[in-house]
Every structure is written in structure tokens, then in C-alpha cells.
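Protein chains: 2
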Amino acid sequence: MQTPLPPKGTRDFYPEEMSFREHIFSSWEKTCQRYGFEKFDAPIFEHLDLYTKKSGEEIEKQLYTFEDKSNRKLSLRPEMTPSLARMVAAKGPALKKPVRWYSIPRLFRYEKMQKGRLREFFQLNVDILGVKEVTADAELIAVAIDTLRDLGLDNNDFSVHVSSRNLLEELFLQLSIPKESIKPLFLLLDKQQKLPKDVFKKELEIFLKDQRLATKVFDILNAQSFDEIVAINPSSPSVKDLQNLFTVMDHYGLADYVTFDIGIVRGLAYYTGIVFELMDKNRDLRAIAGGGRYDRLVSLYGGEDTPAAGFATGDVVLAELLKAKGIVPDQPSRSDIFIATFNRENYNQVVSLANALRQRGYSCEFPLRPIPIGKQMKLASAARSKVVIFTGGQEEKEDNIKIKDMRSGEEFLVSKDELYTKLADRLSNS
Amino acid sequence: MQTPLPPKGTRDFYPEEMSFREHIFSSWEKTCQRYGFEKFDAPIFEHLDLYTKKSGEEIEKQLYTFEDKSNRKLSLRPEMTPSLARMVAAKGPALKKPVRWYSIPRLFRYEKMQKGRLREFFQLNVDILGVKEVTADAELIAVAIDTLRDLGLDNNDFSVHVSSRNLLEELFLQLSIPKESIKPLFLLLDKQQKLPKDVFKKELEIFLKDQRLATKVFDILNAQSFDEIVAINPSSPSVKDLQNLFTVMDHYGLADYVTFDIGIVRGLAYYTGIVFELMDKNRDLRAIAGGGRYDRLVSLYGGEDTPAAGFATGDVVLAELLKAKGIVPDQPSRSDIFIATFNRENYNQVVSLANALRQRGYSCEFPLRPIPIGKQMKLASAARSKVVIFTGGQEEKEDNIKIKDMRSGEEFLVSKDELYTKLADRLSNS
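Quick mapping for you: the protein sequence lines, in order, are chains A and B.
For the first sequence, position 149 matches number 149 in our numbering, and the numbering has no gaps at all.
For the second sequence, position 288 matches number 718 in our numbering, and the numbering has no gaps at all.
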């Protein structure tokens, strides 16, 4: 039999890839906890209508759907927000607001395979529910930035592009674009970055059926600064929100990261206010993270009206960026301590020593079968052990133990009495 | 719209349940790392034939199967071992042995709902591949025991029941039971614990078509001690393996946990040697963990012959046991520090302070909108914060800051200069 492969669009995580994944996850966790967010999770599949309710039947094309044996229509989750909104709706007023939740869901989208996209992937999701003010949006942008800073990236590597759907809507209404055209227009605008400028402008003309109007929309979308927009509409509440947001970001110490970019609309139809995307400075990857305000989703699932904002960042694009920057950490030790033996008859003694070390909290392994000392040393290297303790040798007769530091290559003897203190010294500064 | 429910047999993890799940997972992780195991993962769905190949078409009844849009037959994973064996087979000799891997997979089985069973659940899986000696089995049993000890359980709470399929097979062959009957007989024996003794004996008689033979098998299965079995067959290799296993467990300091129990066979047909189950002492729960040797699985998937052993332990039964014992930890703080304010105009100052605290690694939150001080204190309680820092009050005029320790109720003033040292003192011993 030929060895079967993992399904298309999925990944095996051998320990080396797994430790890179864990490096990213642990950075996400640490940052969210520092910001006072608590973790939640939901089932990995949901009733299909949870997704069609939010995104229309159209979404089914991208879903892994199936029926269970009682003919319930289910779908693997393509995103976390519907589950979050469902859970918040279910608890109603019993759930203390603001909700400050994060999750690291595994997600599934049946998509064409391309760079930065897989069918099974992970995201960090961070959400605040119960705060209508732009302060929540600012707090979320700060978390998003700090997850990347914690991984070693800074404002030479990425920036946050912020816009407001309300602001765009206001500007479009001023141009007398009918209200019902605005949602489809947003979906069109979301394609802007993927199209050459002239092609995009042509599509605008076709959509608006008015060349002059298309030019005006195009000019707004190409506004070079926030000031140009403020000048059009200085007293608008959306402009005020954005001004407040930029001021607060300054107090987070993050003003350098944030830039106004009216071209950001985010494809998903459910956003209602501020929207933002984190992008690499070279702009040769997909967005690293994206989010915004979605004030109407909880009530869509039968919950009480709950203002909400959140963002998501995926592991695939992020991993590409970290690799491109060369900031992938070394794979950690499988065992800090490897116990080798010169004596094939002392297995029980080795086990007792390992047990004593493990009880003290050290990670430790030893050969489970009799193999020559040369092979034992290869095994210690494969385990990326920091030190090797040699048992069953001549030194034991004088109550000494030989230790090799695998990082420096240095070998030394310690008396049996001082083994634990010497090990503690060696391993504490690593 | 009525708020939708999670699908049958699945769970929502609100932060409280999530922190209990994380408590269990982190104990699993810590123990495996201490024993020198490294983490891996695989896709959450696999090609269906990965499972039918190992367990027969019969298994499909228990699977969540579906077709993707290219008509690939896929299944959510019901267990991790097939993915593990596939990954080991794929790497062949390039993968250094022994493989010492663990994983915490999310798994899915379409089963009748009952106590200790859900359709979506988690397991810890720990495996050693490349070691044919019983020392690997002993190492795994030690890990299994220590995951439970790390959670606060001891030998008053559970014990490890060990047997050997080879030993049983030897004994049955001595009784002239034909070789081809032995696998089906194992499947029957696995039902023993679920049936009254006389019903089980009747089923044995029907299966063996021989009342005297059935009595002999029944007597073997009811042997009270390992010595009785040794007496039947003192020089058998399986007996030697078990004797070695018990000796090694003594050197792990775990002899008190391990008991010989010939009645353990484990339902799955692929086990080939030592098998074991961890059971609560009251025996009113399902097995907490179970495992054994499966030397032929890697070659079944086209890999080279690779001796292997492993065990799995699930979160559902374990959580029940911890709850029954009352050893569920308190939900941790969402934020160690809560910044309250008496002044609705100083939001930016609060953000700056939060930023400084977070940069120092503290977890910290503050009200994102103007609310009265009483509500702020309720929010601090909801966040289970350890201390509240008050800003915008009278004290600030004298360059002091008021702090409340929420655990003791104590309030005190510190000068602005000593804020960070005082906080470090307060929060280090908690």
C-alpha cells in the first residue's frame, strides 16, 4: 500500500512545524492575556444555517457541509464570529458586558489553493462586545499590533490601515448614490486592491452607470490624506470617531503604526463602522489581520442589541511573513537532560535517576533500549538536549557523575551530592 | 429568531469552562514535556479509507463522513493513531527513532449520547515508535499516571490495570482454541465488564461451542493474581515481559499504581502486546485512559515495520472525576490589574498607564466607556482582578495613587514613583 497523503489544503504538523505553530499561538495567548481578554471556544461544526443566516446561501460554496446521521445540516466552521455571536445571544443579559474574549479557532474554507491560503487554517479572534464607543476599536487595534510586535515585527514591517464604513456611506449619500446601492458598492470597492486602477475605474462606471459619478467615487477612494476627507465633511460623527481613534492610538504609543486608508472596506457585508487591516509594508502578502465593528450580528441571532467589534489574524500569512523576515525561532529541546549509560545492565538505575529529575520538574529522557554510546549521543542531539548525564561509567566508583554540556561541548565531573545544584546552575541560564 | 443551539453532542466553552479545559490541557502538556515528548498534529479530517483500512467498513457508522466538492470521501477524525501512523509511514527511515510524540486532538464520534460520552471531545495521545521492548510500555504507563497525579489525583483515586494480549493468546492456544478464533474472542472478552458474569459466561459458551472450554477460559479470566498465571506458564515471553514491566514500574516509584488484570483486552482489534487501562477506584466511570502496543499499524499504511505503543486519555471522563473529587481550580483572573477612574475626562491618561503596565508584562484592563465608580468596581470583580488602581482622584494632586487589593479588601496609597515596585510586591506572591 502506498502511504496515504493528508487531504488537499490541509497540513501535517511534524514536531518542527508544530513548534513554530506553538510559537505563534503562545505569542497570541500572552498578548491577549496582557490586554485582559479571556479565552473561549465553540464546536468545530455548527448548524449550516448559522452561516447562511449571516452571509446568504452563496457562502455554501466555500463551506465543508455535511449531514449527520439524523439529517441535520452541519458545516465545519469557516469563521468564529457567528459562533461567538450565537453564544453571546444565548446568554442574553446574564453575560456581563463588556465581553472581552479571544479564541484560536481551527477553521475550514473550501477555496482555490493559492499563496497564503489553505483549506484548513488557524486564526486568532479577539472581540469586545457591549461597547459602542470607538475606544473598543482602538483597544482591538492595539492588541492586533502587539501580537505582531511580540513576534518581533515592528512598524518597518507592517502598518494598520483604518477606515470607516459609515464615513464612506456618508460620502456616497452626499453624492446621491441610492442607499440600496451602497452595500453592493462596498463589495465592489473591496476588489480595488486586486485590480489595476483603470480596470477598477471601468467597473465602477459600469456599476454606477454614470461616468462623472464614478470619477467622484474614484477620487474619494484615492484621497491621499485624512485631512482631505475631513475637509469634505468636518462635522460628521464618523470623522469625529476617526479623530478620537487616532488620538487614543497615540496614548497607546502606537500612532506610528496607524494610517488612514479610505480604500479599506473589508469584503464581509456585516461590518457597520470602523474597519481596519494590518498589511506588510511591501504589500506582497495578503492582509495579515483585519477587523471592524459589527453592531448588528448578535441581534441577527435573536440576542439583544449588542454593539460589537473584533478582528482576526490567520496563521498562514503570518508564518510567511516571519519566515521572510528570518525570525523563526529554533525548535526547542525535546528533553533538557539526556541520561546516557555505559552499562547495559543498569536500566533500573537510569529510570530512578530520570524519575528523580522529572519529579524536580526537569524534562528528561534516556534510551529505552540498549544501544552503543555513540548512538546514544546521536539520540541526545536529535532530542536537542542541553546536557547529557553519563551513568554506569568509571566515575561512579568515586561517587562522581560525568556531565556534558551539549551547547558548549564542555565535559565535567560533579560529585553525586551536588548533581542537582550543578544542573540547576547549568539549566537556569538557558 | 430563536437563538440557535450548538449541534447535539458538542459543547460551547464559555471562559469558565474554557479555563477548566485549559487547566487539564496544560497539565497534559507539562507532563509530556517533562517526560521528553514533543507535540505534533494532523488535519482534523482525513481520507475515509484511513479509518476503514484499520477498522473495517463497520467503523463508518461511528464517523462523521462527508464528500468535498471534488467528491473525495473524507471523515472527521475519530481517533489520532491512524494519522500518527500515516505520518510516521510517510517519513520512513528519515524519521529518527524512537519517535516520542504527543498530541491533544479534537475528535469526533457519532455515538449514542451517554454519561462520559460526547460526539466532540478531546484526548491526550502519547506514543513511542521504534522500541519493541516493554520498557516503552512502562514509560507510557508512567506518563499516563503522572498526568493524573499532576491534576491532584493519586492511588486512592485510580489504578492502572495491565494485561497482555500475547499472554492471553498463548493461554488460549494452549487450550487448543484455533488461532483464527482468537481475534473475535478478544472482541467478546472486551464486553466482559459490561455484562453480568453469568450472561458473559453464556456468551462464551455460545461462541466456543464447548461448555468445558468456556469454563476454562472463564477461570483464566477470573484469575485473582499474576502468580496464578505465572504458574500456568512460567517461561513464556509474555510473562517475562509483564515481570519486567512490574519491576521497572517500581523504579519509576509507581508500583503502587499498577495491578495485573487479565480481564483487560481493549476492544480495538489492532493491539498486539501489553494493554492497559486506567480506572477510577470506585469503578463508576468509564476508563480514564487506555492503551497498548500496536506493532503492525505503520506497515499497514505502507511504512516500514515499526514497533509502537501508545495510550489515549479523554477530557470528558477526566473532568467528571475531577469534579467528583472537588479539585476544579478557581477561574483565573481575566486582568490582574483594573484601572478605575474618578474623572471621565482622563481616558487618555488611563490608556497611557495601561500601556505602561502591559509593556511591563502585567495583564491589565480599564473601562472602555464612562461609567460610575460603583459599576467600575463591579467590572473589576467580574474580571477577577487582584488589584484596582484609582486614577483621577484627589490623591493625584499630591502625586499619590490609591490602590485596592481586591483579595484582602485593603486600600492604601503609594507615591507615583514607587507604583511599579509596590505592584510587583503585591502581585508576585499570588
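For each residue, glycine too, the CB sits at the ideal point set by N, CA and C.
Query	Result
By Cβ distance below 6 Å, which residues in the same chain neighbour residue 461 (chain A) in space, the five residues on each side in sequence not counted?	No answer is possible for residue 461 (chain A): it lies beyond the span of chain A, which begins at 1 and ends at 430.
Hey, quick one: how far does the alpha helix (DSSP H) through residue 804 (chain B) stretch, first residue to last?	803-812
Quick one: which residues of the stretch 768-782 of chain B get their C-beta closer than 9 Å to a C-beta of chain A? List them in chain order.	768, 777, 778, 779, 780, 781, 782
Please determine if the stretch 539-548 of chain B and the stretch 564-571 of chain B are in contact, where contact requires at least 3 C-beta pairs separated by less than 8 Å.	no
Along the chain, where does the beta strand (DSSP E) that runs through residue 74 (chain A) open and close?	73-76
What are the start and end residues of each continuous beta strand (DSSP E) run of 3 or more residues lying completely inside the stretch 230-316 of chain A, in chain order?	258-260, 274-280, 289-293, 308-314
Suppose contacts are defined by Cβ-Cβ distances below 8 Å. Is residue 225 (chain A) in contact with residue 147 (chain A) by that definition?	no
For the structure I just gave you, are there three or more beta carbon pairs, one from the stretch 368-384 of chain A and one from the stretch 339-349 of chain A, closer than 8 Å?	yes
Could you run through the stretch 2-19 of chain A and flag, in chain order, every residue whose CB is less than 8 Å away from some CB of chain B?	2, 3, 4, 5, 6, 7, 8, 10, 11, 12, 13, 14, 15, 18, 19
Which partner residues does residue 767 (chain B) have in the DSSP bridge list?	B:794, B:817
Quickly, what does DSSP pair residue 513 (chain B) with across the bridge? List them, please.	For residue 513 (chain B), which the question treats as bridged, DSSP gives no partner whatsoever.
Could you tell me whether any Cβ in chain D is nearer than 8 Å to the Cβ of residue 580 (chain B)?	In the structure shown, chain D does not exist; the protein chains are A and B.
Quick one: Cα of residue 635 (chain B) to Cα of residue 665 (chain B), how far?	29 Å
Check distances from the C-beta atoms of the stretch 20-48 of chain A to those of chain B and list, in chain order, the residues that come in under 8 Å.	21, 22, 33, 34, 35, 36, 37, 38, 39, 40, 41, 42, 43, 44, 45, 46, 47
Alpha carbons only, please: which of A:286, A:227, A:201, A:299 is nearest the one belonging to residue 218 (chain A)?	A:201
When DSSP labels each residue in this structure, what does residue 774 (chain B) get in the three-state scheme?	coil
Evaluate the contact criterion for the stretch 513-520 of chain B versus the stretch 90-109 of chain A: three or more CB pairs, one atom per stretch, below 8 Å.	no
In the stretch 498-520 of chain B, which residues sit with their C-beta less than 7 Å from some C-beta in chain A, listed in chain order?	498, 499, 502, 504, 516, 517, 519, 520
For a contact meaning CB atoms closer than 9 Å, what does residue 590 (chain B) contact in chain A?	Result: empty, since nearest Cβ-Cβ is about 16 Å, beyond 9 Å.
Could you tell me the distance, in whole angstroms, from the CA atom of residue 713 (chain B) to the CA atom of residue 694 (chain B)?	14 Å
Taking a contact to mean a Cβ-Cβ separation below 8 Å, would you say residue 676 (chain B) touches residue 574 (chain B) in this structure?	no
Using a Cβ-Cβ cut-off of 6 Å (strictly less than) and excluding sequence neighbours within five positions of residue 167 (chain A), which residues of its own chain qualify?	238
Tell me whether residue 119 (chain A) sits in a helix, a strand or coil according to DSSP, three-state version.	coil
In chain A, which residues lie with their C-beta within 8 Å of the C-beta of residue 704 (chain B)?	By Cβ distance, chain A contributes nothing, its closest Cβ being about 14 Å from residue 704 (chain B), past 8 Å.
Quick check on residue 404 (chain A): does DSSP put it in helix, strand or coil?	strand
Would you mind giving the Cβ-Cβ distance between residue 745 (chain B) and residue 470 (chain B), rounded to the nearest angstrom? I have them listed as a contact below 8 Å.	With a Cβ gap of about 19 Å, residue 745 (chain B) and residue 470 (chain B) do not count as contacting.
I need the straight-line Cα distance from residue 762 (chain B) to residue 232 (chain A), nearest angstrom please.	49 Å
Alpha carbons only, please: which of A:405, A:351, A:156, A:410 is nearest the one belonging to residue 392 (chain A)?	A:351
Where does residue 125 (chain A) land, buried or exposed, given buried means 16+ other C-beta within 10 angstroms?	buried
Does the beta carbon of residue 481 (chain B) come closer than 8 Å to any beta carbon on chain A?	no
Just to check my reading of the structure: residue 262 (chain A) and residue 223 (chain A) have Cβ atoms closer than 8 Å, yes? What is that Cβ distance to the nearest angstrom?	5 Å
Among all the DSSP beta bridges, which residues are the ones paired with residue 103 (chain A)?	A:125
Mapping the DSSP letters down to three states, classify residue 469 (chain B) as helix, strand or coil.	strand
Do residue 272 (chain A) and residue 295 (chain A) count as a contact pair if the criterion is CB distance below 8 Å?	yes
Looking only at its own chain, which residues have a Cβ that is under 8 Å from the Cβ of residue 395 (chain A), when we skip the five neighbours before and after it?	401, 402, 413
Measuring straight from C-alpha to C-alpha, what distance separates residue 259 (chain A) and residue 58 (chain A)?	33 Å
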